[in-house]
Structure formats: C-alpha cells, structure tokens
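In my numbering, the protein residues as written are 4 to 255.
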Amino acid sequence: MRSDADERDPNARKSCLGVDRLLSRYMQERSPATRPSRQMTSLGRDTVDQLIEKIRTNGPYLSHQEKTLILQMLPMVSCGEESAVILFGMHAQNTTVDLPARRIAEDICVEERQHVLLLRALEEVCSDCRLANRTPDAAEFFRQNRGSDAATRFRVIVVIDSLTCIVLSALLQGKLGEIDVVSSVLRRIRADEANHVRLCRSYLGRERAEPTPLFEQVKSDFSRHVGLFSEALISARVNPEALAARIQSWRT
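Here you go:
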C-alpha cells in the first residue's frame, strides 16, 4: 500500500536497491546541464504515459497467477533499471566527465527513468497479490563500483545492457511474453537497452571491445545475479541453465 508520502511524491517509492533518497533524487525531472535531452523514442511507439495507462486499464484483468509471476520477476529487472538511473544521473551532473559522455548519460538517464516508472506501474497493479516466499536480494550485483572513469563504466554498461537484452528476450519467449501488458513493457525496455549499448559503443569509438578480466567478472557476477531467480524463471517457463549458458557464451 502506498503511504501519504508516496502520494505527495511519486518518485519517493521504496527502492529495491535500498537507496530510496538517492534514487528519488535522480528520478526527478531536471533540465540537463549541457543541452536539452534529445528524443530517443522511435516513431510509432506508445509513449510512456500511454503504456502506463494500458497497464492500469488491463491490470485488474490479470489473474492471481499472472500477478504472482510478475512480482517474482520484477526485482531482477527493477534493480538494474534503478541502478542505471543513479549511475547515468550522476554522470550527467558530473562536471569532471567530458561533455560527450555527459550528453549520452543525460539521454540514457531519461529512458532509464521511464523504465522505472513502467515497472512501478506493473508492481502497483499487482499490489493486491502477496508472494508466499521472499524474493531474492537482487541489489548486491548493482551496488558494486566498477571503474571510476567514463570509458570504463561505459564499457561495463555495454556488457550489462547486452546481457539484460538476452534475459529480456528469454522472458519474452516464456509465460511473461504471453501477458500483453508485460510484453509491451519488456519489449520497450529491451529496445531501449539495445540502443544504450549502441550509444556507449559510439562514445568508445569502436563496435567491439577486447575481453578483459573486468568484463569476464561482470559477466560472471551478472550470471550469479540471474541465478538467484532460478525458481521464478522456471515458473516463467524459462530454462535457467540454458539462460546461464547464453550469458556465459556472450562476447563483446
């Protein structure tokens, strides 16, 4: 149930990362420091407001089983989106970061903020459903600091967002892909994440990066993060072992 504070400030919703105030700070719409953020949404796609309205309209018709499935999987995706809002929000406001990196960070932060709002809307329509078991703590992977400079962080983002696309594709091929409102949200996020990979690679000036111990560690950590949700993946008709193999076989 939402508190009075939540009603006053929709950005003050509890963070699955456990960093409520920090997330709330970067969830606020603000004028970019370098220039107005360009529109990255493709023509013909529903706006975020339209998608949220679609979720709220169709939410009451979701079955208890569908809501349970959604709630089981949300933390796995939500933590990454919240982490991205904070990471790119910090980069966009960091005057020690070069201007091209700040511009990319601004653009990406806008869409990551939208992803959080979409996932919160899904959570909200499932609020009358309670899980029998606690969901895994999905935050540890995203609390780690990986690199202090923009180039290293962007290379790490290429890895994480590429692997996120693999996970989202697997979810879409399972039961969640059969739930229209969920499918719409996951497809939107997957398309945006793929574009973020392209933006980060454009900043790095090359399409491919040589494998490094850091990249391999990130991939291994990401695989363990996804593995926390093995039971939920099985419920969503996704093979955890096959998904882990796809993650491990991915190359930059």
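Where a beta carbon is used, it is the ideal one built from N, C-alpha and C, also for glycine.
Inset, instruction - Over the uninterrupted alpha helix (DSSP H) stretch that includes residue 57, give me the two end residues. - result: The residue labelled residue 57 in the question sits at position 54 within the sequence shown. Bounds of the alpha helix (DSSP H) holding residue 57 are 51–61.
Legend entry - Range covered by the alpha helix (DSSP H) that runs through residue 206: Locating residue 206 in the sequence shown gives position 203, counting from the first residue. Start and end: 183–207.
Inset, instruction - Would you kindly check if the distance between the Cβ of residue 250 and the Cβ of residue 243 is under 8 angstroms? - result: Within the sequence shown, the letter at position 240 stands for residue 243. Within the sequence shown, the letter at position 247 stands for residue 250. One thing to note: residue 243 has its Cβ no nearer than 8 angstroms to the Cβ of residue 250.
Legend entry - Same chain only: Cβ atoms within 7 angstroms of residue 30, ignoring 5 sequence neighbours per side: As a first step, residue 30 must be located in the sequence shown, where it is residue number 27. Correct list, in chain order: 14, 88, 116 and 119.
Legend entry - residue 246 (DSSP reduced to helix, strand or coil): To locate residue 246, count along the sequence shown from 1; it is residue 243. Three-state DSSP puts residue 246 in a helix.
Inset, instruction - Below 7 angstroms CB to CB, which residues in the same chain sit around residue 80 once its five sequence neighbours on both sides are set aside? - result: The residue you call residue 80 lines up with position 77 of the sequence shown. Cβ neighbours of residue 80 beyond the five flanking positions: 122.
Legend entry - Endpoints, the alpha helix (DSSP H) within which residue 155 is located: The count along the sequence shown starts at 1 and reaches residue 155 at position 152. Counting along the chain, the alpha helix (DSSP H) containing residue 155 begins and ends at 153–176.
Legend entry - Three-state secondary structure (DSSP) of residue 239: Within the sequence shown, the letter at position 236 stands for residue 239. Reduced to three states, the DSSP call for residue 239 is coil.
Legend entry - Best match in 73, 204, 247 and 200 for proximity to residue 133 [C-alpha to C-alpha]: Along the sequence shown, read from residue 1 onward, the residue named residue 133 stands at position 130. Minimum Cα distance to residue 133 is reached at 73.
Inset, instruction - Figure out for me which residue from 232, 49 and 158 has the closest Cα to the Cα of residue 199. - result: By one-based count along the sequence shown, residue 199 stands at place 196. Closest by alpha carbon: 158.
Legend entry - Meets three-Cβ-pair contact criterion under 8 angstroms: the stretch 174–181 and the stretch 95–108: No, they do not touch.
Inset, instruction - In angstroms with no decimal places, state the Cα-to-Cα distance between residue 71 and residue 126. - result: Numbered from its first residue, the sequence shown carries residue 71 at position 68. Numbered from its first residue, the sequence shown carries residue 126 at position 123. About 10 angstroms.
Legend entry - Per-residue burial, residue 156 [other beta carbons within 10 Å of its own, 16 or more giving buried]: Numbered from 1 along the sequence shown, position 153 holds the residue referred to as residue 156. Buried is the call here.
Inset, instruction - Compute the Euclidean distance between the alpha carbons of residue 61 and residue 239, then round it to the nearest angstrom. - result: Numbered from 1 along the sequence shown, position 58 holds the residue referred to as residue 61. Numbered from 1 along the sequence shown, position 236 holds the residue referred to as residue 239. C-alpha separation (whole angstroms): 20 angstroms.
Legend entry - Proximity winner among 206, 52, 166 and 215, relative to residue 105 (alpha-carbon distances): In the sequence shown, residue 105 corresponds to position 102, counting from 1. Looking at 206, 52, 166 and 215, the one whose alpha-carbon comes closest to that of residue 105 is 206.
Legend entry - Cα-Cα separation, residue 173 to residue 93: For the purposes of this step, residue 173 is identified with residue 170 of the sequence shown, where counting begins at 1. For the purposes of this step, residue 93 is identified with residue 90 of the sequence shown, where counting begins at 1. Spanning the two alpha carbons is a distance of roughly 31 angstroms.
Inset, instruction - Answer yes or no: do residue 162 and residue 221 have a C-beta to C-beta separation smaller than 8 angstroms? - result: Numbered from 1 along the sequence shown, position 159 holds the residue referred to as residue 162. Numbered from 1 along the sequence shown, position 218 holds the residue referred to as residue 221. Result yes, Cβ atoms of residue 162 and residue 221 sit closer than 8 angstroms.
Legend entry - Start-to-end residues for the alpha helix (DSSP H) that takes in residue 112: Here residue 112 is taken as the residue at index 109 of the sequence shown, counted from 1. Element bounds for residue 112: 102–128.
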